[in-house]
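Residue numbers (the working numbering): 479 to 864.
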């Protein structure tokens with residue numbers, strides 16, 4: 479028979495191991511141990527009872543710190559839809575919800591996660607949940623080199639559970655932009671910046687460093703409700719004023735604008751003593767080049783990938799493409815009416831076309847960044863005339 483002390487030590491170790499499993503779990507039993515305890519769903523009654531006890535011990539902490547996984551799709555189990563009402567199945571959103579649900583009022587969660595959730599539409603429900611559940615204490619955006627071998631912009635989030643809606647709306651959070659500071663090359667500067675956060679946790683004094691390297695912005699949390707996508711600002715809040723799309727339910731003011739066609743009467747909302755009108759009320763959207771038959775008039779460069787390849791365009795013959803110098807010399811008449819062509823096999827009448835294509839992640843091509851010319855358009859007089 480084992481000594482009693484050895485048994486106690488092993489029992490404590492066994493309980494500790496079960497607590498670790500519980501704290502890393504997303505199962506709803508971790509949030510409501512009694513509500514989601516179901517002895518009928520296991521053949522080992524002692525195991526499920528011990529798990530409930532473990533979940534009870536892990537419930538109601540004052541602080542949760544972690545680095546939950548990014549980019550991992552959560553496979554939902556029983557009752558997950560009761561707890562997690564998120565648009566995205568990315569795992570870190572689930573961990574944020576799970577942590578806030580476990581916390582006591584006033585408890586805090588500190589996670590380092592992907593910064594993508596701050597603004598993109600797929601994480602709108604996560605942002606809505608956070609705003610309805612917690613005060614944002616601070617957000618710290620750090621270098622994309624923080625995790626070697628992983629290209630992601632991480633952000634450190636600190637949230638405080640708060641059920642008081644008025645207190646949440648009045649709360650002023652801090653956003654710190656440290657993305658330029660490499661964790662190794664700029665380690666001393668980064669440490670100094672972290673010390674500045676701790677030394678002035680309420681942001682009572684001006685940020686002591688050049689904003690060309692690091693910056694601190696303060697945002698009243700209630701302002702986020704003025705935007706339908708509830709973005710967690712990554713810059714000075716006033717810069718986002720022009721993006722506001724939710725206004726008080728007041729009657730818009732009517733304005734008379736002078737145009738070349740005479741007065742134009744439009745409805746305008748007022749924000750910070752500026753008038754805002756819908757773009758469609760004052761401008762007509764112009765479309766660039768429309769061929770009517772892209773397969774016929776467009777050609778793609780050799781070796782293209784992404785959208786240009788997927789579109790099934792024929793490859794352009796380099797002999798009929800105008801080079802940069804020739805493009806600059808195209809006459810005004812040819813610009814309007816097309817280039818006269820005598821021999822379609824040797825004359826140059828295909829012009830480079832700035833046409834966006836679908837992203838090619840594997841090939842490293844993204845439309846928002848510069849990319850080589852992929853499309854060319856037939857600018858012969860015969861084609862333009864059609």
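Where a beta carbon is used, it is the ideal one built from N, C-alpha and C, also for glycine.
Member of 860, 654 and 640 whose CA lies at the smallest distance from the CA of residue 673:
Along the chain shown, one-based indexing puts residue 673 at 195. Ranking 860, 654 and 640 by Cα distance to residue 673 puts 654 first.
Those residues which DSSP pairs with residue 792 across a bridge
By one-based count along the chain shown, residue 792 stands at place 314. Answer is none; residue 792 lacks a bridge partner.
Cβ-Cβ separation, residue 775 to residue 855 (assumed contact under 8 Å), whole Å
Taking the first residue of the chain shown as 1, we reach residue 855 at position 377. Taking the first residue of the chain shown as 1, we reach residue 775 at position 297. Residue 855 to residue 775, Cβ: 6 Å. Contact.
Give the single residue among 806, 538 and 649 whose Cα lies nearest to the Cα of residue 586.
Counting from 1 along the chain shown, the entry for residue 586 is found at position 108. When only C-alpha atoms are compared, the closest one is 538.
Report the three-state DSSP secondary structure of residue 601 (helix, strand or coil).
Along the chain shown, read from residue 1 onward, the residue named residue 601 stands at position 123. In the three-state scheme derived from DSSP, where H, G and I count as helix and E and B as strand, residue 601 is classed as helix.
Taking residue 579 as part of the alpha helix (DSSP H), name the residues at either end of that continuous run.
Within the chain shown, the letter at position 101 stands for residue 579. Unbroken alpha helix (DSSP H) run through residue 579: 569-580.
Is the beta carbon of residue 718 closer than 7 Å to that of residue 697?
In the chain shown, the residue the question calls residue 697 occupies position 219. In the chain shown, the residue the question calls residue 718 occupies position 240. No; because the gap between Cβ atoms is not below 7 Å, this pair is not in contact.
How is residue 506 classed by DSSP in three states: helix, strand or coil?
One-based indexing of the chain shown puts residue 506 at position 28. Looking at residue 506 - three-state DSSP - the assignment turns out to be helix.
For residue 694: DSSP bridge partner residues:
In the chain shown, counting from the first residue as 1, residue 694 sits at position 216. DSSP output for residue 694 lists 654 as bridge partner(s).
Between residue 562 and residue 802, what straight-line distance do the alpha-carbon atoms span, to the nearest angstrom?
Start at 1 with the first residue of the chain shown, and residue 562 comes out as number 84. Start at 1 with the first residue of the chain shown, and residue 802 comes out as number 324. One C-alpha to the other measures close to 56 Å.
Tell me whether residue 494 is buried or exposed, calling it buried when 16 or more other Cβ atoms sit within 10 Å of its Cβ.
Numbered from its first residue, the chain shown carries residue 494 at position 16. Only weak support exists for where residue 494 lies, its pLDDT of 48 falling under 50; the value from the coordinates is given anyway. Residue 494 should be labelled exposed.
Using DSSP's beta-bridge definition, name the partner residues of residue 754.
The sequence position of residue 754 within the chain shown is 276, counting from 1. DSSP lists 747 as partners of residue 754.
Can you find at least 3 beta carbon pairs, one from the region 535-550 and one from the region 588-596, that sit closer than 8 Å?
yes
Simplified DSSP assignment, three categories, for residue 713
As a first step, residue 713 is located in the chain shown; it is residue number 235 there, counting from the start. If DSSP states are grouped into helix, strand and coil, residue 713 belongs with coil.
Within the same chain, show all residues whose beta-carbon is closer than 7 Å to that of residue 623, passing over the 5 residues directly before and after it, in chain order.
Locating residue 623 in the chain shown gives position 145, counting from the first residue. Once the five neighbours on either side are set aside, the close Cβ partners of residue 623 are 660 and 661.
Tell me the DSSP secondary structure of residue 559 in three-state form.
The residue you call residue 559 lines up with position 81 of the chain shown. Residue 559 falls in the helix class under three-state DSSP.
Quick one: any contact between the region 564-579 and the region 680-691, if contact means 3 or more CB pairs under 8 Å?
For the pair of segments examined, the region 564-579 was found not to touch the region 680-691: the number of CB pairs separated by less than 8 Å stays below three.
Got a sec, what are the start and stop residues for the beta strand (DSSP E) residue 737 sits in?
To locate residue 737, count along the chain shown from 1; it is residue 259. First-last of the beta strand (DSSP E) with residue 737: 731-737.
Counting only the same chain and skipping the five closest in sequence on each side, list residues whose C-beta sits under 7 Å from that of residue 534.
In the chain shown, the residue the question calls residue 534 occupies position 56. Excluding positions up to five away in sequence, the list reads 511.
Under DSSP, the alpha helix (DSSP H) around residue 805 begins and ends at which residues?
As a working mapping, residue 805 is identified with position 327 in the chain shown. In the DSSP assignment, residue 805 falls within the alpha helix (DSSP H) that extends over 802-806.
CA-to-CA distance, residue 649 to residue 605, given in whole angstroms
For the purposes of this step, residue 605 is taken as residue 127 along the chain shown, with counting starting at 1. For the purposes of this step, residue 649 is taken as residue 171 along the chain shown, with counting starting at 1. Cα to Cα, residue 605 sits roughly 16 Å from residue 649.
Across which residues does DSSP place residue 632 in a beta bridge pair?
Taking the chain shown and counting its residues from 1, one reaches residue 632 at position 154. BP columns for residue 632 point to 592.
Does the count of Cβ pairs from the region 638-647 and the region 594-608 closer than 8 Å reach three?
no
Reference residue 675, options 664, 695, 554 and 690, closest by Cα:
As a first step, residue 675 must be located in the chain shown, where it is residue number 197. Of the listed residues, the one whose Cα sits closest to residue 675 is 695.
Nearest neighbour of residue 645, chosen from 614, 737, 665 and 690 [CA to CA]:
The residue you call residue 645 lines up with position 167 of the chain shown. The option with the nearest alpha carbon to residue 645 is 614.
Go ahead and pull the three-state DSSP assignment for residue 548.
What you label residue 548 is simply residue 70 of the chain shown in a count that begins at 1. In the structure shown, residue 548 sits in coil (DSSP, three-state: anything other than H, G, I, E or B).
For residue 776, does the three-state DSSP call read helix, strand or coil?
One-based indexing of the chain shown puts residue 776 at position 298. The answer is strand: DSSP assigns residue 776 an E or B state.
DSSP three-state assignment for residue 681, whether helix, strand or coil
The residue labelled residue 681 in the question sits at position 203 within the chain shown. Note: residue 681 maps to coil in three-state DSSP.
Under three-state DSSP, which class holds residue 612?
Within the chain shown, the letter at position 134 stands for residue 612. Here residue 612 sits in strand by DSSP.
In angstroms with no decimal places, state the Cα-to-Cα distance between residue 746 and residue 616.
As a first step, residue 746 is located in the chain shown; it is residue number 268 there, counting from the start. As a first step, residue 616 is located in the chain shown; it is residue number 138 there, counting from the start. About 35 Å.
Which same chain residues, not among the five before or five after residue 657, have their C-beta less than 8 Å away from its C-beta?
Residue 657 sits at position 179 when you count from the first residue of the chain shown. Only 619, 620, 621, 622 and 631 meet the Cβ criterion.
Which of helix, strand or coil does DSSP assign to residue 659?
Against the chain shown, residue 659 aligns to sequence position 181. If DSSP states are grouped into helix, strand and coil, residue 659 belongs with coil.
Relative to the C-alpha of residue 740, which candidate in 578, 576, 603 and 760 has its C-alpha closest?
Here residue 740 refers to the residue found at position 262 of the chain shown. When only C-alpha atoms are compared, the closest one is 760.
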